[in-house]
Each structure stands twice: as structure tokens, then as C-alpha cells.
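Notes to accompany the following structure.
2 protein chains.
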Amino acid sequence: MPDIVTAAMLVIGDEILSGRTKDRNIGYLADMMTAIGIDLKEVRIVPDEEDAIVSALNEIRTRYTYVFTTGGIGPTHDDITADAVAKAFGVPCEYDAKAYALLEESYARRGMEFTEARKRMARMPRGAEHIDNPVSVAPGFRIGNVHVMAGVPSIFQAMLDNVVPTLKTGTRMLSATVHCPVGEGTIGGPLAEIQHRHPDTIIGSYPKYGEGKFWTELVVRARNPQALEAARAEVEAMVAGLNPTA
Amino acid sequence: MPDIVTAAMLVIGDEILSGRTKDRNIGYLADMMTAIGIDLKEVRIVPDEEDAIVSALNEIRTRYTYVFTTGGIGPTHDDITADAVAKAFGVPCEYDAKAYALLEESYARRGMEFTEARKRMARMPRGAEHIDNPVSVAPGFRIGNVHVMAGVPSIFQAMLDNVVPTLKTGTRMLSATVHCPVGEGTIGGPLAEIQHRHPDTIIGSYPKYGEGKFWTELVVRARNPQALEAARAEVEAMVAGLNPTA
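Heads up: the sequence lines are chains A and B, in that order.
So that you can map any letter, position 96 of the first sequence is 96 in this note's numbering, and since no number is skipped, the others follow by simple counting.
Every position in the second sequence, counted from 1, becomes a number in this note's numbering once 1000 is added.
Here's what the structure looks like:
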């Protein structure tokens, strides 16, 4: 039996919902999860509002093996992720001694004042463990199955590199792509029959459109390489037998 | 009193969650909603699974003025959005006579067979109204406050152009950006005080990082232009008074 490990992502930030900032972390996490054998099953984007964060987090953290959050862990008043995560877990949000010392030392070394705002970045839910931040010192954290990371893509990616080795992973989902020169309508019938004959695979059909023409990418996914190859071969034979003007 | 109209988006598709396709519709919808005065308050991405679509849709459609979905309305077996939306509303999913005729005529004109797969694109929840598709004929649809659109960005955008004039809009959220040459830690304290003095605005602080340097974009948002200007002026004065080496 394949081993299934699931994940959800919670993107926190008004700036994504207003369109001001275009998210670049969802696709990055999705690629990483696929590569290591974790199924990303849901993503939610919520505003910088405590109730929205708490209720989304409490819904998804019980439903999936892991949760990854991005955004809202900086030093300003709109960075409320640590407080919201603490509230979701029912624990106090307080200065973490190790994070406080780390930040204090870092600012002292750079001759910068350790302001009240900067001290905010040392606040974490009680019991949280650090996720090291090699870019800008202020750590993310893990509590339970929830990994809280920065929204700035370069920092998020560096934190995720530190998280990945700690994760339990499942049987990787393999995939094979078959290019189909015609639109979905022509192949929808036979493709559904192939899917029906290969229930241990997931066959996706992705319509593409450009320069006035349609084509389709057919993607077969399976955790078992033999199952993948059997379905892929049928899809390829089906496409090879097409009349391209039909 | 400002008039508040809210929206949520439901992105449907395994290919987004696997990372194979990078979503380009969330940012587009976010920009459009901001431009016309609708607050996008939540986005969810779910797989091509009926239960996931039905439960997400039933949660968000009661919570926001409008819902916009993308993906899963094509002719193949993995296009299950119409069925899932019908199930969420508790109505049958059936051939829509107008959509059927439109598609039949379109394929006849192009000398293409109106296959069973293509006929699937004429299926809609009973009572749904068309959203015209000027790109590839097969319509999207609206039922209740839910607008069901294609996932292919050019088709989604064309459908959205047809939806926008039908929407009730609210008082537009205005915004002003102040560039801040230093990181968030320096300005976090005074910025929180400005936010506190201007509760009718939303002041966001967005850390930027590149080439080894931090800087910050400060964004003031408000529906009232006087409130916006008052807070913006204070943020600008605060930034002007900074010691850039602090």
C-alpha cells in the first residue's frame, strides 16, 4: 500500500487579496511537496485578521498531516500570525528566550537598536520550536504539525529548506505527460475510458489555448511505476490514433 | 457609511496543487475586485474532488456577497465543477438547452463532431444563467451568488469581463504607497502609533529584500479620501524623519 502524507497551506496577507503583491510561494511549495512525496490538498489565502487566521488554521490543521503558513511574522502591527497561531492552539504567545537572544545579539553586532518592534519577532506560541532563518535571523517556528514561515519568497524558501528534512514523506506521486495536438472535446470520451480502466491512476486533461488554437496536455499520475506506464501507453496510443482534423 | 461588498474565490484543480500549473487567475481577480470596489476576503484552492468542492463552496457562498470559481468546466472526465456546484445547491445538473444548441451549432459550423465529451460542456445546475465565453463558445454560468468560470486564463478573463458589469460594487478602497528605505524593525513602533491614531485606515507594511538589503513599502488604505490623506501624510513625515543608518 502506498504511504500517503498530506499537507495544506495557509497564505496570510491583505496584500495578496488586494492584488498588490502576487503570491509566489504557493507554486514553490506545491513543486516542493510533489518532489518529496507529500500531497498538497488545499490552499487558503486569508487576510491579516485574527479570527480568519484562527478559524482557517483550526479547520485545516486537524485535516492534514502538515500545515505550512506564510506571511505575518515581521515586526509591525499588522504581523499577527504568531498571536493567531497561539490562539488557535490555546497557548500563550510570549517572548522566546532563544529567539530574543539571537535577535538581540544580531542587532547589537550591526549597531542597530533592538526596538520594541524588532522584539515582536521573538514572540512565539509557548512550546514552539524554531525554524532557522539564514537570511534575516528572525526565526519561523513549528508548533504541532503547523510550520510558520515568512512571506518574503527568498526567506520562505530558505526556511522551507530547513523544514523539509524534518518531514515524514510518502510514496512519491509519479507523472508522465502526453502532448495532444487537439482540443479536449475530441479525446474526452476515450480518455474517460482509459481512466476507467486504470483506477489506480489519476489522468488529468489540461486545455491550452494560444494563437487561436487549442491543444491539450494529458498528464497521468500514479504512485506505482507499472500502473503509470500502463496508463501512459494507452493514452499515447489513443493520441497517436487521432485524426488531427477531427 | 461605506458600502462593503465582499467576495471569495475557489480555484479548482489538481494541477495547481501539484505545482504543474502555476495559477495566474488569483492575482488577476484580486486586481479586478480592488479596482471595482469589492473586497476579496478569501481564496481557496481545492483538488478535482467532488466532496472538497461541495464543502468549500457551501462554506464560502453563505459568507460572502459573491463567489468566483475557476477550473473544471471542460469536456473531460476530470471536469466535475458543474456537477459539484449543482450538488452544493441541491439541484440537478442537466443539459442546458441554450448551451447545447450553441455548442451544437458551433461544432457543426466548424465541421467537428459534437461528441459526448463536448456535450458535457452544456451541462449546468438547473436554474443557472450563462456567462458568455467569447473565446471558445462553451459558457460559464452563474447560480445564486456563485460565478463559475474557466481555468484557462484568457477564457477566465473574457468571462470575468462579462460578469463585472452585473456585480453590485461597494465604496472603493483607495490606497497610497510610501517608500521606506529601511527595514520594518526601525519603523514598526511609530507605524503602529499612526495606525492607532487612524483607525479608519488599514496601514500595511511590506518587507522587501534583495541584493542583501531590506527596505519596506508602506501602504495606507481607506475608503474615505480625507482619512487616507491624513494617515498618508503622517507616514510620509515619519519616513522623512528617519535616520537611515538607525
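C-beta: ideal position from N, C-alpha, C; glycine also.
- Message: Alpha carbons only, please: which of A:LEU40, A:ASP48, A:THR81, A:ASP79 is nearest the one belonging to A:THR65?
- Response: Start at 1 with the first residue of the first sequence, and residue 65 of chain A comes out as number 65. Nearest option by C-alpha distance: A:LEU40.
- Task: Measure from the alpha carbon of B:GLY1027 to the alpha carbon of each residue in B:VAL1043, B:ILE1012, B:LEU1017, B:VAL1067, then state which is nearest.
- Result: Residue 1027 of chain B sits at position 27 when you count from the first residue of the second sequence. The shortest CA-to-CA distance from B:GLY1027 to any of B:VAL1043, B:ILE1012, B:LEU1017, B:VAL1067 is the one to B:VAL1043.
- Query: Distance, Cα to Cα, B:VAL1239 vs B:VAL1163?
  - Reply: For the purposes of this step, residue 1239 of chain B is identified with residue 239 of the second sequence, where counting begins at 1. For the purposes of this step, residue 1163 of chain B is identified with residue 163 of the second sequence, where counting begins at 1. The straight-line gap from Cα to Cα measures roughly 41 Å.
- Query: Does the Cβ of B:ALA1108 have 16 or more other Cβ atoms within 10 Å, making it buried, or fewer, making it exposed?
  - Reply: The count along the second sequence starts at 1 and reaches residue 1108 of chain B at position 108. Classification for B:ALA1108: exposed.
- Task: Could you say if the segment 1198 to 1217 of chain B and the segment 63 to 79 of chain A meet the contact criterion of at least three C-beta pairs nearer than 8 Å?
- Result: yes
- Does any residue of chain A bring its CB to less than 8 Å from the CB of B:TYR1066? One-based indexing of the second sequence puts residue 1066 of chain B at position 66. B:TYR1066 has a beta carbon lying at 8 Å or more from every beta carbon in chain A.
- Close-in-space but distant-in-sequence residues of the same chain around B:ILE1155 (CB under 7 Å, 5 per side omitted): Translated into the one-based positions of the second sequence, residue 1155 of chain B becomes position 155. Within the same chain, B:ILE1155 has close Cβ partners ASN1133, VAL1135, SER1136.
- Message: Give me the residue from B:GLU1015, B:THR1070, B:LEU1102 with the minimum Cα distance to B:LEU1029.
- Response: Working through the second sequence from its first residue, we reach residue 1029 of chain B at position 29. Ranking B:GLU1015, B:THR1070, B:LEU1102 by Cα distance to B:LEU1029 puts B:THR1070 first.
- Just how far apart, CA to CA, sit A:GLY72 and B:SER1055? Translated into positions along the first sequence, residue 72 of chain A becomes position 72. Translated into positions along the second sequence, residue 1055 of chain B becomes position 55. C-alpha separation (whole angstroms): 27 Å.
- Per DSSP, which one or two residues make a beta bridge with A:GLU94? Working through the first sequence from its first residue, we reach residue 94 of chain A at position 94. Beta-bridge pairing links A:GLU94 to A:MET124.
- Message: With a threshold of 8 Å between beta carbons, is A:ALA246 in contact with chain B?
- Response: Taking the first sequence and counting its residues from 1, the one referred to as residue 246 of chain A is at position 246. Confidence at A:ALA246 is low in this model, with a pLDDT of 47, below 50, so its placement is unreliable and the value that follows should be read with caution. Interface residue, yes.
- Message: Suppose only complete runs of 4+ residues qualify. What are the alpha helix (DSSP H) ranges in the segment 1141 to 1178 of chain B, listed by chain order?
- Response: 1153 to 1163
- Query: When you compare each of B:GLU1236, B:ALA1150, B:ALA1222 to B:ILE1131 by their alpha carbons, which one comes out closest?
  - Reply: As a position in the second sequence, residue 1131 of chain B is number 131, starting the count at 1. Looking at the Cα atoms, B:ALA1150 is the closest of the given residues.
- Query: Within 8 Å (strictly less), CB to CB, does A:LYS41 reach chain B?
  - Reply: Position 41 of the first sequence, counted from the start, is the residue given in the question as residue 41 of chain A. So, interface residue.
- Spell out the partners DSSP gives A:PHE68 in its beta bridges. Here residue 68 of chain A refers to the residue found at position 68 of the first sequence. Answer is A:MET9, A:HIS147, bridged to A:PHE68.
- Item | Paired residues, beta bridge with B:LYS1208 - DSSP | Against the second sequence, residue 1208 of chain B aligns to sequence position 208. The partner list for B:LYS1208 (beta bridge, DSSP) reads B:TRP1215.
- According to DSSP, which residues form a beta bridge with A:LEU191? Position 191 of the first sequence holds residue 191 of chain A. For A:LEU191, which the question treats as bridged, DSSP gives no partner whatsoever.
- May I ask you to report which of helix, strand or coil DSSP gives B:PRO1134? Residue mapping note: residue 1134 of chain B aligns to position 134 of the second sequence, counting from 1. In the structure shown, B:PRO1134 sits in coil (DSSP, three-state: anything other than H, G, I, E or B).
- Task: Could you tell me which of A:ALA84, A:PRO207, A:THR34, A:ILE38 sits nearest to A:ASN58, measuring between CA atoms?
- Result: Walking along the first sequence from the start, residue 58 of chain A turns up at place 58. Considering only alpha carbons, the answer is A:ALA84.
- Is the shortest distance between the beta-carbon of B:PRO1199 and the beta-carbons of chain E less than 8 Å? The structure shown contains no chain E; its protein chains are A and B.
- Message: I'd like to know whether the C-beta of B:ILE1053 is nearer than 8 Å to at least one C-beta of chain A.
- Response: Here residue 1053 of chain B corresponds to residue number 53 of the second sequence, with the count starting at 1. Cβ-Cβ to chain A under 8 Å: no for B:ILE1053.
- Just tell me which of A:PRO153, A:SER175, A:ARG110 has its CA closest to the CA of B:SER1018. The residue you call residue 1018 of chain B lines up with position 18 of the second sequence. Checking every option, the nearest Cα to that of B:SER1018 belongs to A:SER175.
- Query: In chain order, what residues of the segment 69 to 95 of chain A put their CB closer than 9 Å to some CB of chain B?
  - Reply: GLY74, PRO75, THR76, HIS77, ASP78, ASP79
- Message: Can you find the residues in the same chain that come closer than 7 Å, C-beta to C-beta, to A:GLY212, ignoring five residues on each side of it along the sequence?
- Response: In the first sequence, the residue the question calls residue 212 of chain A occupies position 212. If we look at A:GLY212 and ignore the five residues flanking it on each side, it has no Cβ neighbours.
- Message: Which residue marks the beginning of the beta strand (DSSP E) containing B:VAL1054, and which one marks its end?
- Response: Taking the first residue of the second sequence as position 1, residue 1054 of chain B is located at position 54. Where B:VAL1054 is concerned, there is no enclosing beta strand (DSSP E), although the alpha helix (DSSP H) it sits in stretches over 1050 to 1061.
- Message: Let me see if you follow: with CB-CB separation under 8 Å, is A:GLY140 close to chain B or not?
- Response: By one-based count along the first sequence, residue 140 of chain A stands at place 140. Closer than 8 Å: no.
- Task: Report buried or exposed for A:PRO125, applying the criterion of at least 16 other Cβ atoms within 10 angstroms of its Cβ.
- Result: Here the question's residue 125 of chain A lines up with position 125 in the first sequence. So A:PRO125 counts as buried.
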